[in-house]
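Trainee: Take a look at this one; I'll ask things after.
2 protein chains.
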Amino acid sequence: MRSKSISVSLRSETERERVKKMQSLQAKASEWSGVKQDDAFAIDDTNLFQKLGLQTFINLSTNFYTRVYDDEEEWFRSIFANSKKEDAIQNQYEFFAQRMGGPPLYSQRRGHPALIARHRPFPVTHRAAERWLHHMQQALDGTTDIDADSKIRMMNFFRHTAFFLVAGDELKSQNQQPQCKHGTSNQTPV
Amino acid sequence: MRSKSISVSLRSETERERVKKMQSLQAKASEWSGVKQDDAFAIDDTNLFQKLGLQTFINLSTNFYTRVYDDEEEWFRSIFANSKKEDAIQNQYEFFAQRMGGPPLYSQRRGHPALIARHRPFPVTHRAAERWLHHMQQALDGTTDIDADSKIRMMNFFRHTAFFLVAGDELKSQNQQPQCKHGTSNQTPV
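Sequence lines, in order, name chains A and B. Mind the numbering: the first sequence is residues 1 to 190 in this note's numbering, read in order. Mind the numbering: the second sequence is residues 191 to 380 in this note's numbering, read in order.
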């Protein structure tokens, strides 16, 4: 009896751990993007800012948002309708520069990136993530001076991050369910 | 008539800008914490990780959470009741190490810090921020090998960040108001 009870206890612990893990933001991001955590953060194995320089990031974000603001898909274009294109460009390249080994331009001006919270006003669906990534792939391909290795690292980071934000977006609807109890999340504060 | 109309238009633009600015997360953080943005991110003017070393961050977070989990104030202690103390310690020192110039330990294990979203399950009130800061000040003072200059930089960062999270916490209640319209926020996506 005793060993059976221990075994059941261990199994349910493992099951609980598995379920808990699958519910986490990063597990969802990996599952939906198809990009493993290690590959997503391979941007940190090299200093992409030093390699590429600020102007390349500015060019990339300008290319990207030129495509986004001209998107023939109105449902996607409209997500950005309340922001000025030049603000969107600056927010993006400052964040990229900071996150990929450069000076903390974004935080000096706007504070913590707080990626999920700052995307809260926007409908970050699976479809929107794919459309964002489509434009970013085109923008990367259309930006000179980004070598193939850096492109792969950056796309893996972008793809994982896009679906991390989709997972974050789904927290909004969870939060609106009144039956959602405090403490059922596996998130822990810093 | 014409110059009057232009003047009114400019004044309302300035007013709108002022209101918009005051509503931003970082403006609220500065106002409530009393720490200017530049002072909060003076942690980036030097490499605190290289200066202090990982073990100092581990000691700081261990000191901090030992105080928190033993807090005589039950309302504060209970916020952490669903997290294991050792997990809370690791999450914190990995984030601090990463943010203050060290290797990206936090992101390798858990992805983007996403500070506001990861604090979503917790009631991050003004009172809770002050209690957190009280314990952190004591933990800093009780950790050897942290020089006075680093302490000031770190406390300014912690104080600003704590109130940034209070501002983020208030987004939750905004979101629950059904009359809240898409696009009224001044947040822009990356």
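Cβ coordinates follow ideal geometry from the N, Cα and C atoms, glycine included.
Got a sec: is the Cβ-Cβ distance from Arg77 of chain A to anything in chain B below 7 Å?
Mentor: Stepping through the first sequence from its first residue, residue 77 of chain A is reached at position 77. For Arg77 of chain A, the answer is no, since every Cβ of chain B falls outside 7 Å of its Cβ.
Trainee: Between Phe64 of chain A and chain B, is any beta-carbon pair separated by less than 7 Å?
Mentor: Walking along the first sequence from the start, residue 64 of chain A turns up at place 64. No, Phe64 of chain A does not count as interfacial toward chain B.
Trainee: Between the stretch 107 to 123 of chain A and chain B, which residues of the former have a C-beta closer than 9 Å to a C-beta of the latter?
Mentor: Listed by position, the residues of the stretch 107 to 123 of chain A near chain B (Cβ gap below 9 Å) are Ser107, Gln108, Arg109, Arg110, Gly111, His112, Pro113, Ala114, Leu115, Ile116, Ala117, Arg118, His119, Arg120, Pro121, Phe122, Pro123.
Trainee: Return the Cβ separation of Met290 of chain B and Ile248 of chain B in integer angstroms, given the expectation that the two are a contact with Cβ distance under 8 Å.
Mentor: Counting from one through the second sequence, the residue named residue 290 of chain B turns up at place 100. Counting from one through the second sequence, the residue named residue 248 of chain B turns up at place 58. 13 Å between Cβ atoms; not a contact.
Trainee: Between Gly101 of chain A and chain B, is the shortest Cβ-Cβ distance under 7 Å, so that the two count as touching?
Mentor: In the first sequence, the residue the question calls residue 101 of chain A occupies position 101. Not an interface residue.
Trainee: Assuming Ser223 of chain B and Ala352 of chain B are in contact, meaning their beta carbons sit under 8 Å apart, how far apart are those beta carbons, in whole angstroms?
Mentor: The sequence position of residue 223 of chain B within the second sequence is 33, counting from 1. The sequence position of residue 352 of chain B within the second sequence is 162, counting from 1. Confirmed, Cβ separation roughly 7 Å.
Trainee: I'd like to know whether the C-beta atoms of Ala357 of chain B and Lys218 of chain B end up nearer to each other than 7 Å.
Mentor: Your numbering for residue 357 of chain B matches position 167 in the second sequence. Your numbering for residue 218 of chain B matches position 28 in the second sequence. Yes, these two residues count as a Cβ contact at 7 Å.
Trainee: Does the pairing of the stretch 137 to 155 of chain A with the stretch 51 to 68 of chain A give three or more beta-carbon distances under 8 Å?
Mentor: Counting Cβ pairs under 8 Å, three or more are found: they touch.
Trainee: Using C-beta distances below 8 Å, list every residue in its chain close to His309 of chain B, excluding the 5 sequence neighbours before and after it, in chain order.
Mentor: The count along the second sequence starts at 1 and reaches residue 309 of chain B at position 119. If we look at His309 of chain B and ignore the five residues flanking it on each side, its Cβ neighbours are Leu355, Gly358, Asp359.
Trainee: Rounding to the nearest angstrom, what Cα-Cα distance links Arg63 of chain A and Leu171 of chain A in this structure?
Mentor: Reading the first sequence from its first residue, position 63 is the one you call residue 63 of chain A. Reading the first sequence from its first residue, position 171 is the one you call residue 171 of chain A. Per the sequence presented here, residue 63 of chain A reads as Asn, with Arg not at that position. Each residue's alpha carbon lies about 31 Å from the other.
Trainee: Can you round the beta-carbon distance between Glu255 of chain B and Lys241 of chain B to whole angstroms, since I take them to be within the 8 Å contact cut?
Mentor: Within the second sequence, the letter at position 65 stands for residue 255 of chain B. Within the second sequence, the letter at position 51 stands for residue 241 of chain B. Per the sequence shown, residue 255 of chain B should be read as Tyr rather than Glu. Not quite, the Cβ-Cβ distance comes to about 23 Å (not below 8 Å), so this is no contact.
Trainee: What residue does the alpha helix (DSSP H) around Thr252 of chain B start on, and which one ends it?
Mentor: The residue labelled residue 252 of chain B in the question sits at position 62 within the second sequence. Unbroken alpha helix (DSSP H) run through Thr252 of chain B: 244 to 259.
Trainee: Under the rule that 16 or more other beta-carbon atoms within 10 Å means buried, what is Ile152 of chain A, buried or exposed?
Mentor: On the first sequence, position 152 is the one that residue 152 of chain A refers to. Per the 10 Å Cβ criterion, exposed.
Trainee: Using the beta-carbon count (16 or more within 10 Å), is Gln364 of chain B buried or exposed?
Mentor: By 1-based counting over the second sequence, the position of residue 364 of chain B is 174. By the 10 Å Cβ count, Gln364 of chain B comes out exposed.
Trainee: What does the Cβ neighbour count give for Arg299 of chain B, buried or exposed, with the cut at 16 atoms within 10 Å?
Mentor: For this step, residue 299 of chain B is matched to residue 109 along the second sequence. Exposed, since its Cβ has fewer than 16 Cβ neighbours within 10 Å.
Trainee: For Trp132 of chain A, count the other beta carbons within 10 Å of its own beta carbon; 16 or more makes it buried, fewer makes it exposed. Which is it?
Mentor: Here residue 132 of chain A is taken as the residue at index 132 of the first sequence, counted from 1. The residue in question, Trp132 of chain A, is buried, as its Cβ has 16 or more Cβ neighbours within 10 Å.
Trainee: Based on Cα-Cα distance, which residue from A:Asp38, A:Glu73, A:Gly111, A:Asn47 lies nearest to Asn91 of chain A?
Mentor: As a first step, residue 91 of chain A is located in the first sequence; it is residue number 91 there, counting from the start. Nearest C-alpha to Asn91 of chain A: A:Gly111.
Trainee: What did DSSP end up calling Gly358 of chain B once you bin it into helix, strand or coil?
Mentor: Looking up residue 358 of chain B in the second sequence gives position 168. Of the three classes helix, strand and coil, the one that applies to Gly358 of chain B here is helix, per DSSP.
Trainee: Can you tell which of A:Gln23, A:Ala117, A:Val124 has the C-alpha that lies nearest to the C-alpha of Ser78 of chain A?
Mentor: Along the first sequence, one-based indexing puts residue 78 of chain A at 78. That would be A:Val124, whose Cα lies nearest to the Cα of Ser78 of chain A.
Trainee: Say whether chain A places a C-beta atom closer than 7 Å to the C-beta of Asp234 of chain B.
Mentor: Against the second sequence, residue 234 of chain B aligns to sequence position 44. With 7 Å as the cut-off, Asp234 of chain B counts as an interface residue toward chain A.
Trainee: When the Cα atoms are used, what is the spatial distance from Asn156 of chain A to Asp277 of chain B?
Mentor: As a first step, residue 156 of chain A must be located in the first sequence, where it is residue number 156. As a first step, residue 277 of chain B must be located in the second sequence, where it is residue number 87. Between Asn156 of chain A and Asp277 of chain B, the C-alpha separation is close to 28 Å.
Trainee: Give, in chain order, every residue of the stretch 316 to 332 of chain B whose Cβ lies closer than 8 Å to some Cβ of chain A.
Mentor: From the stretch 316 to 332 of chain B, no residue has a Cβ closer than 8 Å to chain A.
Trainee: Which residues of the stretch 332 to 364 of chain B have a Cβ closer than 8 Å to any Cβ of chain A? Give them in chain order.
Mentor: If the cut-off is 8 Å between Cβ atoms, the stretch 332 to 364 of chain B has His350, Thr351, Phe354, Gly358, Leu361, Lys362 near chain A.
Trainee: When burial is assigned at 16 or more other CB atoms within 10 Å of the CB, is Ser220 of chain B buried or exposed?
Mentor: On the second sequence, residue 220 of chain B is found 30 positions in, with the first residue counted as 1. Result: buried.
Trainee: So what's Gln364 of chain B in DSSP terms, helix, strand or just coil?
Mentor: Here residue 364 of chain B refers to the residue found at position 174 when the second sequence is read from its first residue. In this structure, Gln364 of chain B counts as helix in the three-state DSSP scheme.
Trainee: Indicate whether at least one CB of chain B lies closer than 7 Å to the CB of Phe41 of chain A.
Mentor: The residue you call residue 41 of chain A lines up with position 41 of the first sequence. Phe41 of chain A counts as touching chain B.
Trainee: For Leu200 of chain B, which three-state DSSP category applies?
Mentor: Counted from its first residue, the second sequence places residue 200 of chain B at position 10. In this prediction, Leu200 of chain B has a pLDDT of 49, which is less than 50 and means its spatial position is unreliable; nothing more can be read from the coordinates.
Trainee: Determine the DSSP secondary structure at Asn47 of chain A, reduced to helix, strand or coil.
Mentor: For the purposes of this step, residue 47 of chain A is taken as the residue at position 47 of the first sequence. DSSP places Asn47 of chain A in coil when its eight states are reduced to three.
Trainee: Going by CA-CA distance only, name the one from A:Asp39, A:Ile89, A:His134 that's closest to Leu60 of chain A.
Mentor: Here residue 60 of chain A refers to the residue found at position 60 of the first sequence. Among A:Asp39, A:Ile89, A:His134, the Cα nearest to that of Leu60 of chain A belongs to A:Ile89.
Trainee: Can you tell me which of the three DSSP states Arg159 of chain A falls into?
Mentor: The residue given as residue 159 of chain A occupies position 159 in the first sequence. Three-state DSSP puts Arg159 of chain A in a helix.
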